[in-house]
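Presented below is the structure to which this report refers.
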Amino acid sequence: MSVPLLFLFILAARLASAQETEERPDLSIPEPARQRPALDAFTIVLAEYQGAVKERDLFIQALPGLVDFLGESTDIEVDVRTKKLPLFNARIMDALLIYMTGQDAQLRLGEVEKKNLGQYLKQGGFLFAEDVVSGGFRGTPPPGAGVVGTPFDRQFKALMKDPQVLGSQGGSWRRIPKKHPLYSNYFDFLDGPPLSATTDGNVFDLEMLEYRGRIAVVFSDLNISWYWATQDAKGRDRCLQLGVNLVVQALTQRFAGAPLPTRGGPRPGAH
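For the sequence shown, my numbering begins at 115 and goes up steadily by one.
In structure tokens form, the structure reads like this:
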């Protein structure tokens, strides 16, 4: 007896048995449980690496400050949490956004760290990296921000070109134009990013790397996240608002699906 006939025979037998006992068989198909993305999908990770000094290369209070502002000053109903993780930890793959900073630390990542970071970016991850300057006095930003060619600037951009990270695509930096959705996806920045900390600098824009049709990396020389970590900083709200736009950009890309295929690669649905 074929499988379909056997199935019909069993079903008929169940129906007959139910009629004899005046009971109806439960043939309903349970509705699939609705699942939301795991909480890790809404985690912003502070990337730790060997040699980075807390409160000089890493602003520990920056992400908590941003998340508090996100909850208190917006109507975005998303559970965003923060976590500190070394880049060799495979759990960075679940991050909504990775936040990586440095001032004058030696940026020497091991093979596992570079491989993990490259895999994260290539599968659609979003990295915000910033060349930071620590210090400041009574809410006044420290001097020296907004300068091109600093140690972290050079090291980070060399890291992106590493074959295990983004390879040749890691050198395709371009300035983010003022009309880019990043500057209007939640809060409006008609004149581009806030420049509160760059009175003596020569950098006035954010930069980005794109990978398969989406932003993979946003790089800043503007010391924006110093404001996230400094509660009494003058002009703090505008820098926090830009942080919200970064989170919204990461969320938008996360829910847009997988990155687009590369040119010459398989088309979606192709066999």
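In this text, a Cβ means the ideal position worked out from N, Cα and C, and glycines have one as well.
Item	Value
Helix, strand or coil for Arg268? Go by DSSP, reduced to three states.	helix
Please go through the same chain and pick out, in chain order, the residues whose beta-carbon is closer than 7 Å to the beta-carbon of Phe202, but skip the five residues on each side of it.	Gly224, Val226, Glu227, Asn230
Among the residues of its own chain, which have a CB less than 7 Å from the CB of Ala364, if the five just before and after it don't count?	Leu210, Leu211, Phe240
Are there 16 or more other CB atoms within 10 angstroms of the CB of Asn316, so buried, or fewer, so exposed?	exposed
Who are the Cβ neighbours of Glu169 in its own chain at under 7 Å, not counting the five residues just before and after it?	Ser248
Could you name the residues of the same chain whose beta carbon sits closer than 6 Å to that of Leu360, not counting the 5 residues immediately before and after it, in chain order?	Phe242
Round the Cβ separation of Asp171 and Gln217 to the nearest angstrom and send it over; I've been treating them as touching at under 8 Å.	5 Å
The beta strand (DSSP E) with Leu241 in it runs from where to where?	241 to 245
Along the chain, where does the alpha helix (DSSP H) that runs through Lys229 open and close?	225 to 236
Report the option in Met322, Val261, Gln233 whose CA atom is closest to the CA atom of Val279.	Gln233
Tell me, to the nearest whole angstrom, how far the beta carbon of Lys271 is from that of Tyr325; I am working on the premise that it is less than 8 Å.	No, Lys271 and Tyr325 are not in contact; Cβ-Cβ is about 15 Å, not under 8 Å.
Based on the DSSP output, what are the partners of Ile290 in its beta bridges?	Per DSSP, none; premise fails for Ile290.
Under the three-state reduction of DSSP, which class applies to Glu169: helix, strand or coil?	coil
Could you pull out every residue in the same chain whose Cβ sits closer than 6 Å to the Cβ of Val159, ignoring the five residues on either side in sequence?	Lys197, Leu199, Ile206, Ala209, Ile212
Residue range of the beta strand (DSSP E) that Arg222 falls in?	Note, Arg222: premise wrong, no beta strand (DSSP E); not H, not E.
My understanding is that Phe318 touches Leu356, with C-beta atoms under 8 Å, so please give their C-beta distance in whole angstroms.	Going by Cβ atoms, the distance from Phe318 to Leu356 rounds to 14 Å, so no, they are not a contact pair.
Take Ala219 and list the residues in its own chain whose beta-carbon comes closer than 6 Å to its own, dropping the five residues that flank it on each side.	Gly165, Ala166, Asp171
For my contact list, Gly250 and Ser310 are in at a C-beta cut-off of 8 Å; report their separation, rounded to the angstrom.	Contact flag wrong, Cβ pair sits at about 11 Å.
What residues are listed by DSSP as bridge partners for Leu211?	Ile158
Could you check whether Asp335 and Gly260 sit closer than 8 Å to each other, using their CB atoms as the reference points?	yes
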